[in-house]
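This report refers to the structure that appears directly beneath it.
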Amino acid sequence: MYTEKSKKLETILRDSKKIVFPQPNKLDADSLASALALKRIFEDMGKEAIVYTSQKIKENLSFVPNIEKVTDQFPTDFDLAILVDAGGLKEADISLNEYRELFEERPFVIIDHHIPEEDNKIPFSDLEIIDPDAPATGQMVFDIAKELGWKIDKEIADMLMTSIMLDTLFLTIPRVKEKDLRSVSELVALGSSIYEIKRNHDRAAGYDLDLIKYKAKLINRIELYRNGTIGIVQITKEEMDKYESRLRPSDLIVYDIQWLKGVEVAATLSDTGELIRCSMRAHVPVAQKAAKHFGGGGHERAAAFVVEDKSLAEVKEELIEVLSNLLEN
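Per full-length UniProt numbering: the sequence shown = residues 1 to 329.
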């Protein structure tokens, strides 16, 4: 599938002894599990591999296998960097800007199922393996591993399965194709269990009473526009300050908005005090186009963006207009 680029990756790896996986700004199960799977694969080759983030790992990601092996200590003596599941420069600029000179000096590889906009591409990458048709970056890692004959054991299979399950909402998104289901079957044959991953996820992501009460407040705050086809919830800076260390408040409510009868696009607008952050989920392929209008990106039905120079009210008004035009066309 990625034959030529996979072979180029193999060549780059041959000369590498210490590999770092910088994580994107927003950690998720796909970015973490994909990197951790590659870490184990490369360690089996006798290489040193480090998954790095300066971000605090939230409780709801504690179910990711081997999550305890992620470190906040950056290895400045690395000789290869691999960025997985980031989306672009803006989505990983916390790590990339801090150590940019080092990344520019050494081989830099991207493995991703997001296509960045032209002005959001990483200018110092040496190899890009990008497949927008892949349902998860973990699926791409599995395909590359099979092409290059890398050994996959149960532990690695669990990490890849975690990536695929969480990024596809347990195989319920439109991008899941027959090939992906075959991959899941192969991972099950290697010993991975969808049931175990779902159980571990539900335990880690479960809500305590305080979060349930807060979610109820967010539900009562849902606003509908364009005859009920656009649903929006606003999240205040005070709420971000209170809950952000545990989980992103948008994750509590965005799917509930999406599954309201009649809603085509759900959006949360969060005020961090420094910027406005928007997360969108849609039943129709408009989310990516809307995010692009604001300089963001993602997938057709799941996308995000941030705005630094406008108020929440201004962003909301503009977003409603952009989404309305997209839905009409």
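Glycine included, C-beta positions come from ideal geometry on N, C-alpha and C.
Cβ neighbours of valine 176 within its own chain (closer than 7 Å, five residues either side excluded): Pro135 and Thr168. With respect to proline 107, isoleucine 232 sits apart: the two C-beta atoms are not nearer than 7 Å.
Using a Cβ-Cβ distance cut-off of 8 Å, the region 212-230 and the region 258-267 are in contact, since at least three pairs of beta carbons, one from each stretch, lie closer than that value. In this structure, the CA atom of alanine 37 is about 10 Å from the CA atom of serine 31. Following the DSSP letters along the chain, one finds leucine 80 inside the beta strand (DSSP E) bounded by residues 80-84.
Sequence-distant Cβ neighbours of serine 54 in its own chain, meaning closer than 7 Å and more than five residues away, are Asp72, Ile94 and Ser95. Judged by beta-carbon spacing, glutamate 147 lies within the 7 Å limit of serine 6, meaning their Cβ atoms are closer than that value. Put simply, the backbone Cα of valine 265 is about 29 Å away from that of valine 184.
Shown here, glutamate 314 sits in a helix according to DSSP, grouped into three states. According to the DSSP assignment, phenylalanine 42 belongs to the alpha helix (DSSP H) that extends over 29-44. Residue environment analysis places leucine 181 among the exposed positions, since fewer than 16 neighbouring C-beta atoms fall within 10 angstroms of its C-beta. The C-alpha of lysine 18 is placed about 6 Å away from the C-alpha of lysine 47. Straight across, the Cα-Cα distance linking asparagine 325 with lysine 39 is about 44 Å.
Taking 8 Å as the upper bound for CB-CB distance, isoleucine 197 and methionine 140 are not in contact here, some 19 Å apart. Close CB contacts of aspartate 131 within its chain, under the 6 Å cut and outside five residues either way in sequence, are with His113 and Met140 (chain order). Minimum Cα-Cα distance from aspartate 119 among the listed residues Leu312, Leu319, Asn329 and Lys292 corresponds to Lys292. For the set Ala205, Arg221 and Pro123, the Cα lying nearest the Cα of valine 109 is the one of Pro123. Taking the CA atoms as reference points, leucine 218 sits about 25 Å from histidine 299. Out of Lys316, Leu323 and Ile82, the CA that lies nearest to the CA of alanine 287 is found in Leu323.
Check the Cα spacing between proline 24 and each of Val84, Met1 and Glu68: the tightest is with Val84.
Under the criterion of beta carbons closer than 8 Å, glycine 296 and valine 306 qualify as touching, at roughly 7 Å.
Inter-segment contact for the region 98-107 and the region 315-322 is absent: fewer than three beta-carbon pairs are separated by less than 8 Å.
Membership of glutamine 139 in the alpha helix (DSSP H) is indicated by the continuous run 137-148.
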